Amino acid sequence: MAGAAEAALVRAPAAAAGIVGVGVVARAAPVVVGRVVAVYAAGVAAAVYLSLG
2 MAGAAEAALV RAPAAAAGIV GVGVVARAAP VVVGRVVAVY AAGVAAAVYL SLG
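Structure (structure tokens):
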């Protein structure tokens, strides 16, 4: 379990950067990109928290 949580924490910033990159290419509003990254980060945090139990 600890390995999976560590892998998620390592990959999450890369995925968030990918979301921002897609937002830049798509010329999306910064508010929209920020919200998508926030929702993604909340999902990752919830997944890591639930995997600890």
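Going by this note's numbering, the letters in the sequence shown line up with residues 2 to 54, in that order. Idealized CB from N, CA, C, for every residue including glycine. What you are looking at is a predicted structure, and each value in this text was computed from that prediction instead of being measured.
Legend entry - Helix, strand or coil at G19 according to DSSP, with G and I counted as helix: helix
Inset, instruction - Let me know the secondary structure DSSP gives R12 once reduced to three states. - result: helix
Inset, instruction - Return yes when the Cβ of G24 is within less than 9 Å of the Cβ of V33, no when it is not. - result: yes
Inset, instruction - Output the distance between the C-alpha atoms of R28 and A48, rounded to the nearest integer angstrom. - result: 30 Å
Inset, instruction - Go to G54, then tell me how far its alpha helix (DSSP H) extends in each direction, as first and last residue. - result: First-last for G54: undefined, no H or E at that position.
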